[in-house]
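From first to last, the protein sequence lines are chains A and B.
Quick note: the first sequence uses the working numbering, first residue 176, plus one each step.
Quick note: the second sequence uses the working numbering, first residue 176, plus one each step.
Read the structure below first, then the notes.
Number of protein chains: 2
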Amino acid sequence: MNRTEIASLGEFGLIRHLTDRLEIKNDSTLFGVGDDAAVLNYPHRQILVATDLLLEGVHFDLTYVPLKHLGYKSAIVNFSDIYAMNGLPKQITVSLGISKRFSVEDLDEFYSGLKLACDIYGVDIVGGDTSASLTGLTVSITCIGEVDKEKAVYRNGAKDTDLICVSGDLGAAYMGLQLLEREKKVFSEDKQFAPDFSGKEYLLERQLKPEARKDIIELLEQAGIVPTAMIDISDGLSSELLHISKESNTGCRIYEERIPIDFQTASMAEQFNMNVYTVALNGGEDYELLFTVPLSAHEQVESIEGIHVIGHITRPELGNYLIGRDGGEVQLKAQGWGHS
Amino acid sequence: MNRTEIASLGEFGLIRHLTDRLEIKNDSTLFGVGDDAAVLNYPHRQILVATDLLLEGVHFDLTYVPLKHLGYKSAIVNFSDIYAMNGLPKQITVSLGISKRFSVEDLDEFYSGLKLACDIYGVDIVGGDTSASLTGLTVSITCIGEVDKEKAVYRNGAKDTDLICVSGDLGAAYMGLQLLEREKKVFSEDKQFAPDFSGKEYLLERQLKPEARKDIIELLEQAGIVPTAMIDISDGLSSELLHISKESNTGCRIYEERIPIDFQTASMAEQFNMNVYTVALNGGEDYELLFTVPLSAHEQVESIEGIHVIGHITRPELGNYLIGRDGGEVQLKAQGWGHS
């Protein structure tokens, strides 16, 4: 039997490969594999289901991630998928695989973060499951949300001339991760070392306690704007933009100078001798919303606090490009540094 | 900080501990943690959500479980949870954590089993996610199902004098596991050894390729019977019966001679010098349905092929007992041998 290495397909290729030609059997299944969440058609309401699996050593490092924060973030990343469909998360189920290393108090910590996120975002925990694990901690969360009929926003609706918008700022979570990794390394060499994070709090917060952009969904709703395409930024702006372009059969142009970057992110990137735009494009774990709106919504969307127009959609043959401050064009590539 | 070992609470105690006093915030959440599936109230239909996490080395051993069978079984165990609510599974999402040991072909095998189960049971795969894993295979599946309003069956509805019914026969999956474990041991000592499973096919099938009892749900529906309480047998008859008794605030009496056992199970138990009733009570992984019906449904339920009346519900102060062939009474204990 041939052996094809998974790496040769890549993450998305693997999913495509595995889920190719799935036959839809129920009328209630409107949209299955291929977006942030599945859309199910139960009368009068569309239901959204998103799921995430987080593995210790791959998605998180308990050396510097407190369990409470991990619980919070585990919930948030799922909520973010539901918001990215223009829906509202309503329930989650939580399965944990736990090795003997963990105590009940540890899990209490995890759950306290989970519950805090659920309280803040108005979500119910409707299923809990725990199981022994031979190695480390496994967290699997499924989130169910709802969206008004006709209002679910997919990745495939972007049109030529649409504006490309992004919420908040980018790259901070990635710089927070770099900072934590550096301090961990120093600490492992000098146990007396006490890290000083002053002036870098925002980076840590973005990495350890991210938020999902419920507020943006609400503001768009109030403004009567339904994006033509939307996705949340978990793997980096570049990778997510290419998803939209590919699924919508378009190209895109974004402008370096318009990419929103926080001062702390820029300052930290300089310290690390990194190009801050590369960080913003490929860092990942931002959990901001990336979406497109018709050109006609320009003024309206520009007037909403926290939303930045960073470029526009083009015809597919024009490709996907970043326009530098000097006018130079660089082709966008999906080279997210984030874990999958 | 105090350290409470998880073992001191036990699996169900831990869940109770973690999910105690969760506040329900949405009208759409009718029932959360504490049954086989969560029930959500979306207009005109109740939606069921069940989830399972399967970890290599804990829930399955790839030494003797082919990946196709693992895929099939991973789906089935989730469907079984939905049937146990008297509902029909409609969609699943699947998350896999995969170590470098696995190839694309391995995952194809896994998915072929998964798809086969979905084809047979009429279920759509609506979400797929894969992620790197440092160790072994992690499978997390969430199943969404639907049930007519007023027809969801919980664990807590059993009443004094209700009949206790079970589908199929018990203990075969556990004996299949013992058989496989024995052959694995022999094989590890003698690589030339070729196991002979003739006459034991049923045991292997029950362990490696279990089915969920959709047929029983349909037969009950046709007969117009709505069970008062229902659960699927994953951890063993004894453990599941105690769930029903506890949640319904009742006791129960079941009769040894009425417990359905296949010939191969009995014969294998004898070879292993095990008490076959102990196997049937505590073996687990049967994925049969255990349910209660009013005494008035006696004749009707007895006439349905594949359903056995094994005892009846009592007042709680009478406890939970197995009545032996000799009339002796043994208190039921939850001592499932199965993994959690």
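Just so it is clear, CB atoms sit at the ideal spot from N, CA and C, and this is done for glycine as well.
Original post:
With which residues is D407(B) paired in a DSSP beta bridge?
Top reply: Partner(s): L464(B).
Original post:
With respect to the beta strand (DSSP E) encompassing L263(B), which residues constitute its N-terminal and C-terminal limits?
Top reply: L263(B) -> beta strand (DSSP E) spans 263–273.
**OP:** Answer with buried or exposed for S315(B), where buried requires no fewer than 16 other C-beta atoms within 10 angstroms of its C-beta.
**Re:** Buried is the call here.
Original post:
The alpha helix (DSSP H) spanning V451(A) covers which residue range?
Top reply: Taken as a continuous stretch (DSSP letters only), the alpha helix (DSSP H) holding V451(A) covers 451–457.
Original post:
Quick one: is Q353(A) buried, meaning 16 or more other Cβ sit within 10 Å of its Cβ, or exposed?
Top reply: Buried is the call here.
Original post:
Is A509(A) close to chain B, meaning its C-beta is less than 8 Å from at least one C-beta of that chain?
Top reply: It does not; no Cβ of chain B falls within 8 Å.
Original post:
Is it true that the CB of I400(A) sits closer than 8 Å to the CB of Q475(A)?
Top reply: Yes, they are a contact pair.
Original post:
Does the pairing of the segment 446–455 of chain A with the segment 341–352 of chain A give three or more beta-carbon distances under 8 Å?
Top reply: The segment 446–455 of chain A makes contact with the segment 341–352 of chain A, as at least three CB pairs between them are under 8 Å.
Original post:
Within 8 Å (strictly less), CB to CB, does V240(A) reach chain B?
Top reply: Chain B places no beta carbon closer than 8 Å to that of V240(A), leaving this residue out of the contacts.
**OP:** With DSSP collapsed to three states, give me the class of I190(B).
**Re:** Because the pLDDT of I190(B) is 49, which lies under 50, any placement of that residue in the model is unreliable, and the question is left without a value.
Original post:
From R330(A), N331(A), C293(A), pick the residue whose C-alpha is nearest to that of I319(A); which is it?
Top reply: Minimum Cα-Cα distance from I319(A) among the listed residues R330(A), N331(A), C293(A) corresponds to C293(A).
**OP:** Note down, in chain order, each residue of its chain lying with its Cβ closer than 6 Å to the Cβ of S442(A), except the 5 sequence neighbours on either side.
**Re:** Once the five neighbours on either side are set aside, S442(A) has no close Cβ partner at all.
Original post:
Exposed or buried, which one is V301(A) when buried takes at least 16 other CB atoms within 10 Å?
Top reply: Buried, by the Cβ-count rule.
Subject >> Integer-rounded CB distance, given that G246(A) should sit under 8 Å from Y286(A) >> reply: With 8 Å as the limit, Y286(A) and G246(A) qualify as a contact, their Cβ atoms being about 6 Å apart.
Original post:
Listed in chain order, which residues of the segment 281–309 of chain A have Cβ atoms closer than 7 Å to some Cβ of chain B?
Top reply: From the segment 281–309 of chain A, only L282, Y286, G297, D299, I300, V301, G302, G303, D304, T305, S306, A307, S308, L309 have a Cβ closer than 7 Å to chain B.
**OP:** Quick one: residues in its chain with C-beta nearer than 7 Å to the C-beta of Q367(A), no 5 flanking neighbours on either side, listed in chain order?
**Re:** Cβ neighbours of Q367(A) beyond the five flanking positions: none.
Original post:
In chain A, which residues lie with their C-beta within 7 Å of the C-beta of R178(B)?
Top reply: Those are S278, E280, listed as they occur along chain A.
**OP:** Using beta-carbon positions only, say whether L228(B) and T313(A) come within less than 8 Å of one another.
**Re:** A contact, by the Cβ cut-off of 8 Å.
Original post:
Just checking my contact of H244(B) with D337(B) at CB under 8 Å: how many whole Å lie between their CB atoms?
Top reply: Actually they do not touch by this definition, with Cβ atoms about 36 Å apart.
Original post:
With DSSP run on the structure shown, which of helix, strand or coil describes S342(A)?
Top reply: S342(A): strand per DSSP, three-state reduction.
Original post:
Along chain B, in chain order, which residues have C-beta atoms closer than 9 Å to that of V224(A)?
Top reply: V224, Q266, T268, V301, G302, T317, I319, listed in chain order.
Original post:
How many whole angstroms separate the CB atoms of L240(A) and L378(A), which I take to be in contact at a CB cut-off of 8 Å?
Top reply: A small fix is needed here, since residue 240(A) is Val in this sequence, not Leu. Their Cβ separation, rounded to whole angstroms, is 14 Å, which puts V240(A) and L378(A) out of contact at 8 Å.
Subject >> Beta carbon proximity, L228(A) to chain B, threshold 8 Å >> reply: By this cut-off, L228(A) is an interface position.
Original post:
By Cβ distance below 6 Å, which residues in the same chain neighbour E231(B) in space, the five residues on each side in sequence not counted?
Top reply: Answer for E231(B): G311, L312, listed in chain order.
Original post:
Helix, strand or coil for T440(B) per DSSP?
Top reply: Helix, per DSSP.
Original post:
Does the beta-carbon distance from V341(B) to H483(B) come in below 8 Å?
Top reply: Contact flag set, yes.
Subject >> Backbone CA spacing between Q266(A) and I408(B) [nearest angstrom] >> reply: Taken atom to atom, the span from the alpha-carbon of Q266(A) to that of I408(B) is near 26 Å.
**OP:** Quick one: list the residues of chain A neighbouring G411(B), beta-carbon separation under 9 Å, in chain order.
**Re:** Think of a sphere of 9 Å around the beta carbon of G411(B): no beta carbon from chain A falls inside it, the nearest being about 16 Å out.
**OP:** Using alpha carbons as the reference points, say which of R178(A), V224(A), N253(A), S363(A) lies closest to E460(A).
**Re:** Among R178(A), V224(A), N253(A), S363(A), the Cα nearest to that of E460(A) is on N253(A).
Original post:
In whole angstroms, what is the alpha-carbon distance linking L223(B) and Q221(A)?
Top reply: Each residue's Cα considered, the two are about 15 Å apart.
Original post:
How should Q439(A) be labelled, buried or exposed, when 16 other C-beta atoms within 10 angstroms of its C-beta is the threshold for buried?
Top reply: Buried: at least 16 other Cβ atoms inside 10 Å.
**OP:** Can you say whether L309(A) is buried or exposed, counting buried as having 16 or more other CB atoms within 10 angstroms of its CB?
**Re:** Classification for L309(A): exposed.
Original post:
Can you tell me where the beta strand (DSSP E) with D335(B) in it begins and where it stops?
Top reply: Looking at the DSSP string, D335(B) is not in any beta strand (DSSP E), and its letter there is neither H nor E.
Subject >> Heavy atom of the ligand NAP within 7 Å of F254(B) beta-carbon >> reply: Looking at this structure, you won't find the ligand NAP or any other ligand, since it has none at all.
Subject >> Burial state of A225(A), where buried means 16 or more other Cβ atoms lie within 10 Å >> reply: With 16 or more other CB atoms across the displayed protein chains lying within 10 angstroms of its CB, A225(A) is buried.
Original post:
If you count every other CB in all the chains shown that lies within 10 Å of the CB of F466(B), and 16 or more means buried, which is it?
Top reply: With at least 16 other beta carbons inside 10 angstroms of its own, F466(B) counts as buried.
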